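Numbering follows the numbering used here, with no gaps: position 524 of the sequence shown is 524.
For each residue, glycine too, the CB sits at the ideal point set by N, CA and C.
These figures come from a predicted structure and were not determined experimentally.
To start, the structure itself, in structure tokens.
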Amino acid sequence: MPSDNGKGAIELMSIDQLVAPGEVAGAPLLPSMRYHPGADELAPGELQLPWNVADVAGVERVALGRLARALGAATPGRLVASAKSWLSHPGVDRMAPILPWGADADVPRVSPVAASASYLAHLRAAWNTRFPRQPLERQQIVLTVPASFDEGARALTLEAARQAGLPDVRLLEEPQAALYDWLYRHRADLGAQLSDTRLVLVADVGGGTTDFSLVKVETRDGEPSLTRIGVGNHLILGGDNMDLALARLVEARMAEQAGEDAARTRLSSARLAQLTERCRAAKERLLADDAPSHVTVTLLGAGSRLIGASRKANLERADIERIVLDGFFPLNATQEDAKRARAGIVEFGLPYASDPAITRHLAGFLRQHAAAAREALGLPDDGALPVPVPVPDTVLLNGGVFRGAALAQRLVDTLAAWRGAPMRVLHNDNPDIAVARGAVAYTLARQGLAPGIESGAARSYYLLLDGEAQGDRLRTVCLLPRGTPAALEVALADRSFALRVGRPVRFHLVSTVADSGAPPQAGDLVDLDPSGVVRLPAIATVLRAARGAPAEIPVRLVTTLSEVGTLDVHCVAEDGGQRWQLAFQLRSNDSDDGGSGDDGQEEALPLELDAAVDKIERVFGARSKQVDPKEVKQLRAGLEHLLGARERWTTPLLRRLFDALLARAKGRRRSSEHERAWLNLAGYCLRPGFGHPLDEWRMEQLWAMFEGGVQHPRDSQVRAEWWTLWRRVAGGLSTESQLRVLDDFAFNLQADASERGRRPLTLVDGSEEDMLRVGASLERIPSAYKAEIGEWLLGQIDAIPSGGKPDARASARYGRYLWALGRVGARQSFQSSAHEVAPPDVAERWLEKLLQLDWRKVEPAGFAAAHIARMTGDRSRDIDEAVRADVLRRLASSGAPPMWTAMVREVVELDQAVETRLLGDALPPGLKLLR
Numbered sequence: 001m002p003s004d005n006g007k008g009a010i011e012l013m014s015i016d017q018l019v020a021p022g023e024v025a026g027a028p029l030l031p032s033m034r035y036h037p038g039a040d041e042l043a044p045g046e047l048q049l050p051w052n053v054a055d056v057a058g059v060e061r062v063a064l065g066r067l068a069r070a071l072g073a074a075t076p077g078r079l080v081a082s083a084k085s086w087l088s089h090p091g092v093d094r095m096a097p098i099l100p101w102g103a104d105a106d107v108p109r110v111s112p113v114a115a116s117a118s119y120l121a122h123l124r125a126a127w128n129t130r131f132p133r134q135p136l137e138r139q140q141i142v143l144t145v146p147a148s149f150d151e152g153a154r155a156l157t158l159e160a161a162r163q164a165g166l167p168d169v170r171l172l173e174e175p176q177a178a179l180y181d182w183l184y185r186h187r188a189d190l191g192a193q194l195s196d197t198r199l200v201l202v203a204d205v206g207g208g209t210t211d212f213s214l215v216k217v218e219t220r221d222g223e224p225s226l227t228r229i230g231v232g233n234h235l236i237l238g239g240d241n242m243d244l245a246l247a248r249l250v251e252a253r254m255a256e257q258a259g260e261d262a263a264r265t266r267l268s269s270a271r272l273a274q275l276t277e278r279c280r281a282a283k284e285r286l287l288a289d290d291a292p293s294h295v296t297v298t299l300l301g302a303g304s305r306l307i308g309a310s311r312k313a314n315l316e317r318a319d320i321e322r323i324v325l326d327g328f329f330p331l332n333a334t335q336e337d338a339k340r341a342r343a344g345i346v347e348f349g350l351p352y353a354s355d356p357a358i359t360r361h362l363a364g365f366l367r368q369h370a371a372a373a374r375e376a377l378g379l380p381d382d383g384a385l386p387v388p389v390p391v392p393d394t395v396l397l398n399g400g401v402f403r404g405a406a407l408a409q410r411l412v413d414t415l416a417a418w419r420g421a422p423m424r425v426l427h428n429d430n431p432d433i434a435v436a437r438g439a440v441a442y443t444l445a446r447q448g449l450a451p452g453i454e455s456g457a458a459r460s461y462y463l464l465l466d467g468e469a470q471g472d473r474l475r476t477v478c479l480l481p482r483g484t485p486a487a488l489e490v491a492l493a494d495r496s497f498a499l500r501v502g503r504p505v506r507f508h509l510v511s512t513v514a515d516s517g518a519p520p521q522a523g524d525l526v527d528l529d530p531s532g533v534v535r536l537p538a539i540a541t542v543l544r545a546a547r548g549a550p551a552e553i554p555v556r557l558v559t560t561l562s563e564v565g566t567l568d569v570h571c572v573a574e575d576g577g578q579r580w581q582l583a584f585q586l587r588s589n590d591s592d593d594g595g596s597g598d599d600g601q602e603e604a605l606p607l608e609l610d611a612a613v614d615k616i617e618r619v620f621g622a623r624s625k626q627v628d629p630k631e632v633k634q635l636r637a638g639l640e641h642l643l644g645a646r647e648r649w650t651t652p653l654l655r656r657l658f659d660a661l662l663a664r665a666k667g668r669r670r671s672s673e674h675e676r677a678w679l680n681l682a683g684y685c686l687r688p689g690f691g692h693p694l695d696e697w698r699m700e701q702l703w704a705m706f707e708g709g710v711q712h713p714r715d716s717q718v719r720a721e722w723w724t725l726w727r728r729v730a731g732g733l734s735t736e737s738q739l740r741v742l743d744d745f746a747f748n749l750q751a752d753a754s755e756r757g758r759r760p761l762t763l764v765d766g767s768e769e770d771m772l773r774v775g776a777s778l779e780r781i782p783s784a785y786k787a788e789i790g791e792w793l794l795g796q797i798d799a800i801p802s803g804g805k806p807d808a809r810a811s812a813r814y815g816r817y818l819w820a821l822g823r824v825g826a827r828q829s830f831q832s833s834a835h836e837v838a839p840p841d842v843a844e845r846w847l848e849k850l851l852q853l854d855w856r857k858v859e860p861a862g863f864a865a866a867h868i869a870r871m872t873g874d875r876s877r878d879i880d881e882a883v884r885a886d887v888l889r890r891l892a893s894s895g896a897p898p899m900w901t902a903m904v905r906e907v908v909e910l911d912q913a914v915e916t917r918l919l920g921d922a923l924p925p926g927l928k929l930l931r
């Protein structure tokens, strides 16, 4: 906040927080950590703050800030950390209660958004207690976020602020904020300070993220003028990764000293988090100017053996140099880009960057912005290949990592070696608070009271165009060019869309920070390299129009970079009469993007599509004539005759066929043959329930039919097709809908004769095999239900007579029970958030049971075990290494396929055969299993 001392200094408010049980003190920083204590862990009153405000996340007893960090270091499994990293992780539902990641069932959990809101609510309460007549919600509030935050993460940040009672905030990129702080502190002689500077690199390496920005410096009317010309892509890479790397080293040393096999005695996810926090403190001591030669890291035991079971190991200064300096800041003399691995590092549930070398990521960033950097530096483009990396002449370092002087010097030395000349370093007197001070300086700059930075949009935004793929590149139209000023409305003048009233419309957007020749203009058609874009959550709306309006309304898209720093997209009627805002879909990991492997391209639809729709109309249409039952049965064959084998039908084609079937759904009532054909085709064409624009809306329309059941319940094939449909599209069902399907699953499997006599008329009967396939596909149900289903399956497996080679009946029973168990216990989910898998201790118990079977005689046992033991890299999901070793030995001795062994030994993608067997169907072309 600006000081009232008359000198223009920015003053930091001391934030009251718990620093020990029952002890409140002020500190300039509030660590973004939450600790959820056990029931008897702290006495009443020891969590009392100077204000009485309920936790916005809904947890009754919680510690925030410095006390949370201290308690989390001592007790594993109860600490919530890395909030910003979680907000930018699209692989989980960021509004679902998933943190602390991997915590025991008795630990309260909160969502990443709610956790972020709780930190902001604490700041609001502290401020309002100090300044009751000037409440925080009435001030000009600036929240700083990583420059690489995409629109989804920015929107979730605003949602967190709203939940904290701060509805009116602005967002500012953290590297810019750090530079604003430097500019403000040198405002008196800024021209002299920047007289020899043409291009500033701001490198911000914090605990969880790494951010790069480029700022061009020019002289206008004798004064320096600054323009932000480039930002980097999102990197979950920072001090947390360094601490984790050191913790793995110490973990191995502790096991070695105890005479244990490190691979077989890995710490749990919660214990590793505890050790990582200890290593963070040790790292900071070893990076200090007066560092000792080594630091002893102690990991206390658990429970009653707190002291006796403690372990110790030393971290040496040489370890810091080898792991932190050389591992994360290699000199990279050849300016290599970051290495790409088949799978990134996953730890504590977060997808860390697969290459930890920050200097390789930096080389790639500078290469991305080579054209703009050369122009700023006045360097000619000689057309040389590979493109040389233009290196800025000045650097500003920010973030807690650079408190270590050795790390700061290593990055400066690397840049100087690349440049072939010394770097000018802008002094950052306090990396911990520079961003907070810079946010105030930014507010002053907007009022003309401080130096400013021209920025505008940090990236260019593009709309993916359906049906216009250009080879392996994305055909797009530019919506908002990089650098567009805030509040400037940009219309897509040459593109018109016909949108149907009352039907949802969804657009898919991508963004890029990279140079691609001359900057695009709004409306330009641009072919983009898929590897250089960031997919944004889908944007959607339902157009509501006045009574009597036409069924279709021609609209244009209008885009604005809002004053708060987010992207706003509207549909505007061409007659200017109405305007609809398109909202980003943020409720969960966006299925349409997450499941798509076709880079957003829609292949051209076959010319025979109209004839195929005519066939569907003839069978199911409202005005269709009497159709021979044989023709109904042969509808699928007729469609394949027109469109080719259905296995090759693309996702866009499948969805067009489903839409035709959905529009004629009433036609399924005509006969059992009609209903069989409709259910079979509808499920096949909508599988797996997501992966294409409007699939969420399609699933809503289909789900509305569930409670009505089938029209011909006495036909066994109709009943089988009904459950096959719901199995195929289960991935698109919400948690609530999957729980509703689970009710029917349980009834059909477990109801006794008296209960079956009271079966509701609309509850569709199902065979055991149909129910097992449906039940195992319900991945969004709570893990406790999965554990219950798995135990029931093991009971059925135990009941199969053992001894000798199983006969055909026993083999069939083994096959369906073990397939279902493998799906229920799989470590990698298909469509659900990673936190919803069955608990690892339950999975280990199931594997012990499976290991008692003869896998040579019962082949499905190995298949199930491979999925239950599959390696994810996330200790909160992975099984114990000793059990993994047992599974690997058995797979080898039973002659299992190599892919089964590979998926247990390392993090790999499934091949098509394994994927198809797991899902019960091949995925449509263009979709692949990502998690």
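When the alpha-carbon of P97 is set against those of V858, D880, H835 and P897, the nearest one is in H835. When secondary structure is reduced to three states using DSSP, I433 falls in the coil class, being assigned neither helix nor strand. By the criterion of at least three beta-carbon pairs nearer than 8 angstroms, the segment 811-828 is not in contact with the segment 86-97. Around V59, the same chain offers H36, P108 and V110 as residues with beta carbons nearer than 7 angstroms, after the five sequence neighbours per side are excluded. Nearest to M771 by C-alpha distance, out of W726, L733 and G644, is W726.
E316 is bridged by DSSP to H294. Under the rule that a run must span 4 or more residues, the alpha helix (DSSP H) segments found entirely inside the segment 855-899 read 859-868 and 881-893.
Per DSSP, the unbroken beta strand (DSSP E) holding D527 starts and ends at L525 to L528.
As the crow flies, the alpha-carbon of P451 is around 6 angstroms from that of A445.
The beta carbon of V412 is closer than 8 angstroms to those of V395, L397, M423 and V425 in its chain, skipping five residues each way along the sequence. Under the three-pair Cβ rule at 8 angstroms, the segment 187-205 does not count as touching the segment 470-485. Only residues of its own chain outside the window of five on either side were considered, and among them Q17, L30 and P31 have a CB closer than 6 angstroms to the CB of G65, listed in chain order. In the three-state reduction of the DSSP assignment, D381 falls in the coil class. Only exposed fits A498, as fewer than 16 other CB atoms lie within 10 angstroms of its CB. A direct Cα-Cα distance of roughly 8 angstroms separates P330 from R410. Note that the segment 506-513 does not touch the segment 486-496; fewer than 3 beta-carbon pairs, one per stretch, sit closer than 8 angstroms. Annotated three-state conformation of H570 is strand, per DSSP. Excluding sequence positions up to five before and after R813, its CB lies within less than 7 angstroms of the CB of I800, all in the same chain and listed in chain order. The criterion of a C-beta distance shorter than 7 angstroms is satisfied by W722 and L679.
With contacts defined by Cβ atoms closer than 7 angstroms, P146 and N241 do not form a contacting pair.
By the Cβ test, the segment 188-198 is not in contact with the segment 145-162, since fewer than three Cβ pairs between them sit closer than 8 angstroms. Per DSSP, the beta-bridge partners of Q17 are A25. With distances taken between CA atoms, V389 lies nearest to F365 out of A27, R162, A522 and F365. With 16 or more other Cβ atoms inside 10 Å of its own Cβ, A155 counts as buried. Exclusion of the five residues before and after D168 leaves E137 and I141 as the residues of its chain whose Cβ lies within less than 8 angstroms of its Cβ. Look at F507 here: in three-state DSSP terms it is strand. Beyond the five residues adjoining it in sequence on each side, P112 comes within less than 7 angstroms, by CB distance, of A83, W86, L87, R94 and L99 in the same chain, given in chain order. With 16 or more other Cβ atoms from the protein chains shown falling within 10 Å of its own Cβ, H234 counts as buried. The continuous beta strand (DSSP E) containing D211 extends over residues T210 to R220. Distance check between A704 and each of A436, L582, G77 and L662 places L662 closest, using alpha-carbon atoms only. DSSP, read as helix, strand or coil, puts N748 in helix.
In this structure D610 is exposed. Its beta-carbon is surrounded by fewer than 16 other beta-carbon atoms within 10 angstroms. Here DSSP, grouped into helix, strand and coil, assigns P550 to coil. Setting aside the 5 residues that flank it on each side, A313 is surrounded in the same chain by V250, R253, M254, Q257 and V297, each with a C-beta closer than 7 angstroms to its C-beta; the list follows chain order.
Non-local beta-carbon contacts of A660 in its own chain, meaning distances under 6 angstroms to residues more than five positions away in sequence, involve V613 and I616 in chain order.
DSSP places A203 in the strand class (E or B) of the three-state scheme.
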